[in-house]
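Chains as they are written, first to last, in our numbering: chain V, 1 to 230; chain U, 231 to 621.
Here a beta-carbon is modelled for each residue, glycine too, at the ideal position from N, C-alpha and C.
All of these numbers come straight from a predicted model, not from anything done at the bench.
Okay, so here's the structure we're looking at.
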Ligand SMILES: [Zn+2]
Ligand SMILES: [Zn+2]
């Protein structure tokens, strides 16, 4: 299969032969379409407001049309982003503003009121699509049902853990009882083997049992009511 | 073979691709038996990491069986070996590797030119994590080419299941390093922001390293219940004020050690106006990350405390209260994980039953269900915390 993506592959790296279905759910693809529509319409309103007002019989409203154009573009960007649901919701609100503005052009004094009526019908149709898309997105991405209780997933061995613990390497055992500054601030000689010496002494070979006992006795002395275990 | 391929924002597909082949004498090919979707894969899913290209294969938490080795492997690996692949590719020979700073290996990033320009100096090559880190095809696939395979692997004892061993690739050592970087004292309160997979591992690591109390902060009940299972005190940020509760739990002093296991994609909410500001700045491409958690940490951390950042940040951030951080004398420690620095010790702890990292798996699926799983994991539907894929 020809794929543009294959042009950027380094030599020897796997190349695409056939492509599978996308992780993007249907409603999201549809919403992206609405996002691009927003940007297209927004650009038209921003760049050619006079043509629109002339066709709708709304002279003098160019400023408002430009504002609406900016609104459309912002809604489009939001709809194309991961904040898609907010984007589509903002489109629905925008549709409401469009309908109100177009309704003012339906009066008998407007010779182009038929055009305005057509535009209103189009906006109404798009509004319906936006509402459907909004509902479909909410449905697709909803967290349903009660959250599960993972209260039985400790991952730690039973009762042993009461605030005690073993250091990452044997060097932690050599901590002076009186100095409690972070290791980075301690003299190099007592520094735990973070960042050096790791290869000279296999951490796996470090026997930290003595230190574990030490840490346990120190912390059980705390008597914290937030102790661990059980 | 089948592989999960990035095609653009939120667009991952299970494609048929050509099989990987040995490219260098130090390569090995593994048949993947298990791989996982990482929280940081969601940053790629949302296209927040620069330099992803359509066609890139995802995945950096992978294990499997060696099916082919290059001529330069020198006996450290052979066909049939069962290995976990650390997400940081390491040469084992450069100055940084010899110092144990594996995630900043100087030789494995094949786009060193790019990384030198963007970061000032190159960092290690990573699997499936953009062209800034080498553009290496990832391991959410049926087969994976492992470059520098003689040093980029962790042998798995037969007594451990895939589920127990797989997270040695990333989230277990990442949570562990986050806690180790805190230099935990027995009198310390450790607060962990974010109870995703890395947060869960950081919580347990802080407990194993002897913290007095560990406080877990999130907004999803299922994640908080998992944190509580280990013995952490929980704060539901939708229900209570994080700052108030943390001060309350520490006698007004603030936690000594703070871990940011959220990173670039802080939850955006009306109740947190700065997150809305950040999201807007992000859309206008004036900021890469949403550093709400960092701001909160700097504010609440006890003076002279330590801020440890395992959460991934990608670029420029805005409105960081550095004045508060400086005057409070906070220590910042961060970085991609030096996976191999910790895995001997952690493998032993798993074997001895101190910790069983499989507790975090909530969903298991086939590779072809991968695209759906990305969407499910992103939405946190069905109480999803960790997805394992079986190719
Ligand atoms: Zn990861
Ligand atoms: Zn190296």
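With distances taken from CA atoms, which of 605(U), 464(U), 278(U) is nearest residue 151(V)? Position 151 of the first chain holds residue 151(V). Ranking the options by Cα distance to residue 151(V), first place goes to 464(U).
Just mark residue 358(U) as buried or exposed, buried being the case when its beta carbon has 16 or more other beta carbons within 10 Å. As a working note, residue 358(U) is residue 128 in the second chain. Buried, since its Cβ has 16 or more Cβ neighbours within 10 Å.
At a cut-off of 6 Å, is residue 320(U) close to ligand 2 when judged by its beta-carbon and the heavy atoms of the ligand? In the second chain, counting from the first residue as 1, residue 320(U) sits at position 90. Yes.
Between 86(V), 59(V), 19(V), 80(V), which lies nearest to residue 37(V) when the distance is taken from Cα to Cα? Here the question's residue 37(V) lines up with position 37 in the first chain. Nearest C-alpha to residue 37(V) among 86(V), 59(V), 19(V), 80(V): 80(V).
Nearest-angstrom Cα distance between residue 303(U) and residue 9(V)? Position 73 of the second chain, counted from the first residue, corresponds to residue 303(U). Position 9 of the first chain, counted from the first residue, corresponds to residue 9(V). If you take the alpha carbons of residue 303(U) and residue 9(V), they lie about 25 Å apart.
At least one CB of chain V closer than 7 Å to the CB of residue 242(U): is that the case? As a working note, residue 242(U) is residue 12 in the second chain. Output row for residue 242(U): interface = yes.
Contact set between the region 506-521 of chain U and chain V, restricted to residues whose Cβ is under 8 Å from the partner: Result list: 509, 513.
Chain U within 7 Å of residue 106(V), Cβ atoms only: Position 106 of the first chain, counted from the first residue, corresponds to residue 106(V). Not one beta carbon of chain U lies nearer than 7 Å to the beta carbon of residue 106(V).
So what's residue 355(U) in DSSP terms, helix, strand or just coil? If you number the second chain from 1, residue 355(U) lands on position 125. Correct three-state label for residue 355(U): strand.
Could you tell me the alpha carbon to alpha carbon distance between residue 606(U) and residue 544(U), rounded to whole angstroms? Residue mapping note: residue 606(U) aligns to position 376 of the second chain, counting from 1. Residue mapping note: residue 544(U) aligns to position 314 of the second chain, counting from 1. So the alpha carbons of these two residues sit roughly 23 Å apart.
Interfacial residues, the region 269-288 of chain U to chain V, with Cβ spacing under 7 Å: Listed in chain order, the positions of the region 269-288 of chain U with a beta carbon within less than 7 Å of a beta carbon of chain V are 276, 283, 284, 285, 287.
Taking all protein chains shown into account, do 16 or more other C-beta atoms lie within 10 angstroms of the C-beta of residue 556(U), making it buried, or fewer, making it exposed? For this step, residue 556(U) is matched to residue 326 along the second chain. Its Cβ having fewer than 16 others within 10 Å, residue 556(U) is exposed.
Interface positions of the region 20-43 of chain V facing chain U (Cβ-Cβ less than 9 Å), listed along the chain: Listed in sequence order: 20, 21, 22, 23, 24, 25, 28.
Counterpart residues of residue 293(U) in DSSP-defined beta bridges: Mapped onto the second chain, residue 293(U) falls at position 63. 264(U), 314(U).
Please return the same chain residues whose Cβ sits closer than 7 Å to the Cβ of residue 458(U), not counting the five positions on each side in sequence. As a first step, residue 458(U) is located in the second chain; it is residue number 228 there, counting from the start. These residues qualify, in order along the chain: 464.
Using a Cβ-Cβ distance under 7 Å, would residue 353(U) count as near chain V? On the second chain, position 123 is the one that residue 353(U) refers to. Taking Cβ atoms only, chain V never reaches closer than 7 Å to residue 353(U), which makes this a no.
Which residue's Cα is closest to the Cα of residue 533(U): 517(U), 542(U), 599(U), 553(U)? As a working mapping, residue 533(U) is identified with position 303 in the second chain. For residue 533(U), the nearest C-alpha among the options comes from 553(U).
Any non-hydrogen atom of ligand 2 within 6 Å of residue 337(U) CB: On the second chain, position 107 is the one that residue 337(U) refers to. Correct: residue 337(U) has its Cβ closer than 6 Å to ligand 2.
Alpha carbons only, please: which of 508(U), 287(U), 390(U), 620(U) is nearest the one belonging to residue 549(U)? Within the second chain, numbered from 1, the residue matching residue 549(U) stands at position 319. Of 508(U), 287(U), 390(U), 620(U), the residue nearest in Cα terms is 508(U).
Give me the chain V residues within the contact set of residue 359(U), using Cβ-Cβ distance strictly less than 9 Å, ordered along the chain. In the second chain, the residue the question calls residue 359(U) occupies position 129. What residue 359(U) touches in chain V: nothing, since even the nearest Cβ is about 14 Å away.
Using the beta carbon as the reference atom, which residues fall closer than 5 Å to any heavy atom of ligand 3, ordered along the chain? With respect to small molecules bound, the structure shown includes ligand 1 and ligand 2 and not ligand 3.
Would a C-beta distance cut-off of 7 Å place residue 124(V) and residue 30(V) closer than the cut-off? For the purposes of this step, residue 124(V) is taken as the residue at position 124 of the first chain. For the purposes of this step, residue 30(V) is taken as the residue at position 30 of the first chain. Cβ atoms of residue 124(V) and residue 30(V): not closer than 7 Å.
Amino acids of chain U, ordered along the chain, whose beta-carbon sits closer than 9 Å to that of residue 136(V): What you label residue 136(V) is simply residue 136 of the first chain in a count that begins at 1. Those within 9 Å of residue 136(V) in chain U number zero; the least Cβ separation is about 14 Å.
Quick one: using the 10 Å Cβ neighbour count with 16 as the cut-off for buried, is residue 216(V) buried or exposed? Position 216 of the first chain, counted from the start, is the residue given in the question as residue 216(V). Caution is warranted here: a pLDDT of 36 is assigned to residue 216(V), below 50, making its placement in the model unreliable, and the coordinate value is therefore given only provisionally. By the neighbour-count rule (16 or more Cβ atoms within 10 Å), residue 216(V) is buried.
Using Cβ-Cβ distances below 8 Å, what residues of the region 68-96 of chain V are close to chain U? So the close ones are 77, 78, 81, 82, 83.
Throw me the rounded Cβ distance for the residue 393(U) and residue 588(U) pair, which I believe falls under 8 Å. If you number the second chain from 1, residue 393(U) lands on position 163. If you number the second chain from 1, residue 588(U) lands on position 358. About 4 Å separates the CB atoms of residue 393(U) and residue 588(U); that is less than 8 Å, so the two are in contact.
Step through the CB atoms of chain V and report whether any lies within less than 7 Å of the CB of residue 292(U). Within the second chain, numbered from 1, the residue matching residue 292(U) stands at position 62. With 7 Å as the cut-off, residue 292(U) does not count as an interface residue toward chain V.
Within the 7 Å Cβ cut-off, does residue 179(U) reach chain V? A query on residue 179(U) cannot be resolved here, the shown segment of chain U reaching from 231 to 621 and no further.
Taking 7 Å as the cut-off, decide whether the C-beta atoms of residue 520(U) and residue 501(U) are in contact. Residue mapping note: residue 520(U) aligns to position 290 of the second chain, counting from 1. Residue mapping note: residue 501(U) aligns to position 271 of the second chain, counting from 1. The answer is no: Cβ separation not under 7 Å.
Could you tell me if residue 273(U) is buried or exposed, where buried requires 16 or more neighbouring beta carbons within 10 angstroms of its beta carbon? Stepping through the second chain from its first residue, residue 273(U) is reached at position 43. It counts as buried.
Per DSSP, the bridge partner or partners of residue 243(U): Sequence index remark: in the second chain, residue 243(U) carries index 13 (1-based). Answer is 22(V), 235(U), bridged to residue 243(U).
Just curious, the beta strand (DSSP E) that residue 538(U) is in, first and last residue? In the second chain, residue 538(U) corresponds to position 308, counting from 1. Note, residue 538(U): beta strand (DSSP E), 536-539.
Counting only beta-carbon separations shorter than 7 Å, does residue 480(U) have a partner in chain V? Indexing the second chain from 1 puts residue 480(U) at position 250. No, because no Cβ of chain V sits closer than 7 Å to the Cβ of residue 480(U).
Would you say the beta carbon of residue 265(U) comes nearer than 6 Å to a heavy atom of ligand 2? Position 35 of the second chain holds residue 265(U). No.
For ligand 2, any of its heavy atoms closer than 6 Å to the Cβ of residue 324(U)? In the second chain, residue 324(U) corresponds to position 94, counting from 1. Yes, the beta carbon of residue 324(U) sits closer than 6 Å to at least one heavy atom of ligand 2.
Could you list the residues in the region 604-617 of chain U with a C-beta less than 9 Å from some C-beta on chain V, going in chain order? If the cut-off is 9 Å between Cβ atoms, the region 604-617 of chain U has 604, 605, 608, 609, 610, 611, 612, 613, 615 near chain V.
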